[in-house]
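Here the protein sequences come in this chain order: A and B. Note that the first sequence covers residues 5 to 169 in the working numbering. Note that the second sequence covers residues 1136 to 1254 in the working numbering.
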Amino acid sequence: MSDVTPYILERSFDAPPELVWEAWTDEKHQSRWYGPGVDTVVHKNEPVKGGQWLVEMKGDGWSAFQRADYVEVIRPLRLVFLQSMTDADWNVISNPKMPDWPRVLHTDVTFSEVEGGQTHMRLVWTPHEATDAETAFFANALEGLGRGWEGGMDILDDLLAELQA
Amino acid sequence: MELFGYDKPKDLDAIYAALADPTRRAILVRLSEGEASVGELAQPFAISQPAISKHLKVLERAGLVSRGIDRQRRPVSLNAGPLAEAVAWMTEFRQFWQGSFDQLDELLSEMQTKDSPDE
């Protein structure tokens, strides 16, 4: 086991866990929310242990493919899956832009009911069977995403805007 | 978000290693306001000029800053290009999920309106 620090994202939704679960696992809903600003096509949707989720995201003249292999499915509380980018034949590939980004991310999503019919979601990403280079890259990149960098990020956002102008 | 069609990837690993340190991040933020000498950069920190110079070497190797040729002052300036690329990637992963969850938020409120027995 690697001792890499996971990346955690937490968020609350104003809906009960059953409904959040339905939106996560029903393909007629998945294509609506998964992937911002892209046309999402679900090619396979098997939300059961050992099942696959194959999804294509279409932008302007390009497509990106992702797959998830379900490790644990406990309705409506927990979804655990291995997530990767793939080629058009669903073979796992490195991120073409970022070869040291972990090829497989272990993704653990839990939904818990909070008072008032809301759902608290917690997503935990950990590199799965990662190389040392992947582990280091993940740690460094996510260190950049989190602690102490938020203030700097605003200034860098301005810089980015300038560069793109 | 564009995942394909990129040129040869830059050495982002070196960039992230450089960004992982809070002092180096603070140096970059300071430099985003304009170039500065090592002495000027050291001033707000409780560390020596040689220590700042060490941090600058890391930043320089990552291509994030460059040093002027003025022999006396050798002003340090920010190279925004590689920084922009590194930040773009860091934010891309986060924005992908946060953008998705914003959409999920909307979808959930729609689903609830439809399910409501009062409708």
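For every residue, glycine included, the Cβ atom is placed at its ideal position computed from N, Cα and C.
Query	Result
Proximal residues to Glu50 of chain A (C-beta, below 6 angstroms), its chain only, five neighbours per side dropped	Gln56
Below-8 angstroms beta-carbon distance, Ala1152 of chain B vs any chain A residue	yes
One or two residues paired with Tyr38 of chain A in a DSSP bridge	The partner list for Tyr38 of chain A (beta bridge, DSSP) is empty, contrary to what the question assumes.
Contact residues within the segment 1233 to 1244 of chain B, judged by C-beta distance below 9 angstroms to chain A	Gln1233, Gly1234, Ser1235, Phe1236, Asp1237, Gln1238, Leu1239, Asp1240, Glu1241, Leu1242, Leu1243 and Ser1244
Host alpha helix (DSSP H) of Thr135 of chain A (start-end)	That residue, Thr135 of chain A, is in no alpha helix (DSSP H); it is neither H nor E in DSSP.
Integer-rounded CB distance, given that Phe115 of chain A should sit under 8 angstroms from Trp25 of chain A	6 angstroms
Ala1215 of chain B versus B:Asp1240, B:Asp1156 and B:Glu1170, residue with shortest Cα-Cα distance	B:Glu1170
Ser1235 of chain B (DSSP reduced to helix, strand or coil)	helix
Cβ-Cβ separation, Pro106 of chain A to Pro131 of chain A (assumed contact under 8 angstroms), whole Å	4 angstroms
Selected residue, minimal CA-CA separation from Leu1213 of chain B, among B:Glu1195, B:Lys1189, B:Thr1226 and B:Lys1249	B:Glu1195
As assigned by DSSP and simplified to three states, the class of Met170 of chain A	In the structure displayed, chain A extends from 5 to 169; residue 170 of chain A sits before or after that span and is not available.
Three-pair Cβ contact test at 8 angstroms for the segment 1229 to 1242 of chain B versus the segment 1154 to 1174 of chain B	no
Below-8 angstroms beta-carbon distance, Asp73 of chain A vs any chain B residue	no
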